[in-house]
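Q: Residue numbers (my numbering): 5 to 465. Virtual Cβ for every residue (Gly too), placed ideally from N, Cα, C. So that we are looking at the same thing, I have put the structure below in structure tokens.
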Amino acid sequence: MFKKVLVANRGEIALRVIRACRELGIATVAVHSTADANALHVRFADEAVCIGPPPSKESYLNVPQLLSAAEITRADAIHPGYGFLSENAEFAEVCENCKIRFIGPRPEMLRLMGNKVRARAAAREAGLPLLPGSPGVVKDPREAEAFAKEIGFPVILKAAAGGGGKGMKIVREPGVLAQAFSTAQAEALASFNNGDLYIERYVEKPRHIEIQIVADEHGNIIHLNERECSVQRRHQKLIEECPSPALTPELRQRMGEVSVAAMRKIRYNNVGTIEYLLDERGEFYFMEMNTRIQVEHPVTELVMGVDLVREQIRMAYGHPLRFKQEDVQIRGHAIECRVNAEDPVTFAPWPGKITGYSVPGGYGVRVDSAAYENYTVLPHYDSLLSKLIVHAEDRETAIRRMQRALSEYVVEGIRTNIPFHRAALSEESFQEGNYDTRFVERLLASETGSRRLKKAVEETP
Ligand code: MV4
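What follows is the structure, given as structure tokens:
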């Protein structure tokens, strides 16, 4: 096994990786910015190296500093967590060139899935269902108009280098397509230094369903069923659950099987997630693939009984998976609420010092967080404070358990979105499992939703 892993990340995911390493008997190296000197990942790791000033560009994204830290500490692998350099093919390649194992898929996989046009083509070749759209890059507005005519409106323009919702333009009528194309291209060029666009039929009220894949270096590939991530705002996920209330056992099996078959065709390795759109007719379509451990991985861990980070590290070393598709099955239901340091109504980030802190606990409750009393939420990084995850025998009990846990959570000194979660969980549509990616929008726009949110703000200590 690896002797020492450098964790190229911060916050709760750095802790999550350090915990998995400790249980595997692997020593750990934390890296941190000057602002993170007092962070828990620094305290829990065996060693720590300061790699730069607070801005991510100069610290957590600073490749020479990270590699120097790995070399000095003689780490034999780097775990990138999520975000930062986790899906950066060049970084993964440089690690391998330095004889340091990158804990994740091969660089070619990161490169393939990082370009959404190439990913779409690979998905098609591998047999995944796609929405009608352009087979490749759409060169100009005239070509876009020709495709749109074929596909039918509404359509969506997406950036090849985008993903996660950045650089998308919905077009509902032919008259405005050329203008939308120019705007989208300019935005993509400014954001990603790549103006390539592609076009697809637009699905009005999709659900976001993603399949968890684990693939070892010996050709064993299995899926760990789905997560439902339709509760989002501006492409930030807020609530995730496993399994999805929208899937029948037949659809679940079909999605899992086609996903595994596709991963076999492209020779995928390590952990990954295939994102699908599910339309109102129950048809699913490939959207994109994430080549990292994801924020919401704990709901899958609890329901499927697999320690995903442990398996990820073992697979990166070359160990075979210890279970087969037949060995894993759905046990109960799990829900995750992302607790952010932000205003619960406006969603504006709310960094600052936590003056009072008490986390929920008890049967079926898990809190993945790097926060503690007197911890200061920094303005330099994302606002995720904690992931509150519950597991229960069924969905109804899980919702009740989450409501109970949310009511126990005390965070003083800063604002959090705990009231939002309380309001969301009391929505009938959520309780019935009858929601889509417009759920948050509807909650905030509706009389009852906004009233519930206001009440939750008042009732949250
Ligand atoms: C779409 C779509 C509807 N139709 N593509 C958003 C993130 C990026 N991965 C792709 N996204 C979407 N692509 C077609 N053809 C709707 C979205 C979308 C969305 C998807 C999943 C979860 C939340 C979303 C919120 C708004 C739009």
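Among all residues, which have a Cβ less than 7 Å from at least one non-hydrogen atom of the ligand MV4, and in what chain order do they fall?
A: Every residue whose beta carbon comes nearer than 7 Å to a heavy atom of the ligand MV4 appears here in chain order: Leu135, Ile160, Lys162, Gly167, Gly168, Gly169, Met172, Glu204, Arg205, Tyr206, Val207, Pro210, His212, Cys233, Ser234, Gln236, His239, Glu279, Leu281, Met291, Glu292, Thr441.
Q: Would you kindly work out how many angstroms separate the C-alpha atoms of Pro136 and Pro178, rounded to a whole number?
A: 17 Å
Q: What is the residue span of the beta strand (DSSP E) that Leu392 lies within?
A: 388 to 396
Q: Is Asn344 helix, strand or coil by DSSP?
A: strand
Q: Look up Asn119 in the DSSP assignment and say whether it is helix, strand or coil.
A: In this structure, Asn119 counts as coil in the three-state DSSP scheme.
Q: Is Lys269 helix, strand or coil when you go by DSSP?
A: helix
Q: From what residue to what residue does the alpha helix (DSSP H) around Tyr321 run?
A: 312 to 321
Q: Taking a contact to mean a Cβ-Cβ separation below 8 Å, would you say Leu281 touches Tyr272 in this structure?
A: no
Q: Within 10 angstroms of its Cβ, does Lys391 collect 16 or more other Cβ (buried), or is it exposed?
A: buried
Q: Excluding the five sequence neighbours on either side, which residues of its own chain have a C-beta within less than 8 Å of the C-beta of His384, listed in chain order?
A: Cβ within range, chain order: Ser37, Ala39, Pro58, Pro59, Ser60.
Q: Using a C-beta cutoff of 8 Å, does Glu154 count as contacting chain D?
A: Judged by its chain identifiers, the structure shown contains no chain D, having just a single protein chain.
Q: Taking the alpha-carbon positions, what's the Tyr202 to Ala93 distance?
A: Rounded to whole angstroms, the gap between the alpha carbons of Tyr202 and Ala93 is 22 Å.
Q: Could you spell out where the beta strand (DSSP E) holding Asn294 opens and where it closes?
A: Here the beta strand (DSSP E) through Asn294 covers 288 to 294.
Q: Could you tell me the alpha carbon to alpha carbon distance between Ile339 and Ile403, rounded to whole angstroms?
A: 8 Å
Q: Can you give me the Cβ contacts of Glu321 inside the same chain, cut-off strictly under 7 Å, excluding the 5 residues immediately before and after it?
A: Note on residue identity: the sequence assigns Tyr, not Glu, to residue 321. Excluding sequence neighbours, Tyr321 sits near Met5, Phe6.
Q: Within the region 58 to 108, note down every full beta strand (DSSP E) run reaching 3 residues or more, in order along the chain.
A: 81 to 83
Q: Roughly how many angstroms separate the alpha carbons of Glu230 and Tyr439, rounded to a whole number?
A: 16 Å
Q: Can the beta-carbon of Val275 be found less than 8 Å from the beta-carbon of Val218?
A: In this structure, Val275 sits near Val218, with a CB-CB distance shorter than 8 Å.
Q: Could you check whether Leu388 and Glu16 sit closer than 8 Å to each other, using their CB atoms as the reference points?
A: yes
Q: What would DSSP say about Leu448, mapped onto helix, strand or coil?
A: helix
Q: What residue ranges within the region 219 to 265 form continuous beta strand (DSSP E) runs of no fewer than 3 residues, ordered along the chain?
A: For the region 219 to 265, whole beta strand (DSSP E) runs of length 3 or above, ordered along the chain, are 225 to 237, 240 to 246.
Q: CA-CA distance, Cys54 and Ala41?
A: 8 Å
Q: Apart from the five residues just before and just after Ala265, which ones in its own chain have a Cβ nearer than 8 Å to its Cβ?
A: The residues are Ala130, Gly131.
Q: Could you compute how far the alpha carbon of Leu161 sits from the alpha carbon of Gly171?
A: As the crow flies, the alpha-carbon of Leu161 is around 8 Å from that of Gly171.
Q: For the alpha helix (DSSP H) containing Ser186, name the first residue and the last one.
A: 181 to 196
Q: Helix, strand or coil for His212? Go by DSSP, reduced to three states.
A: strand
Q: Check each candidate in Ala194, Glu300, Pro253 and name the one with the smallest Cα separation from Gln236.
A: Glu300
Q: Tell me the residue span of the alpha helix (DSSP H) that contains Lys153.
A: 145 to 155
Q: Assess, as a yes-or-no matter, whether the region 76 to 90 is touched by the region 241 to 255 under the definition of 3 or more beta carbon pairs within less than 8 Å.
A: no
Q: So the alpha helix (DSSP H) Ser411 belongs to, where does it begin and stop?
A: 399 to 412
Q: Once the 5 residues before and after Gln407 are set aside, which same chain residues still bring their CB inside 6 Å of it?
A: Leu429
Q: What does a CB cutoff of less than 6 Å around Ala464 pick up in its chain, not counting 5 residues either side in sequence?
A: Checking the sequence, you will find Thr at residue 464 rather than Ala. The residues are Ile422, Pro423.
Q: In whole angstroms, what separates the C-alpha of Gln183 from that of Ile30?
A: 55 Å
Q: Between which two residues does the beta strand (DSSP E) harbouring Thr31 extend?
A: The identity of residue 31 in the sequence shown is Ala, whereas the question assumes Thr. Residues 31 to 37.
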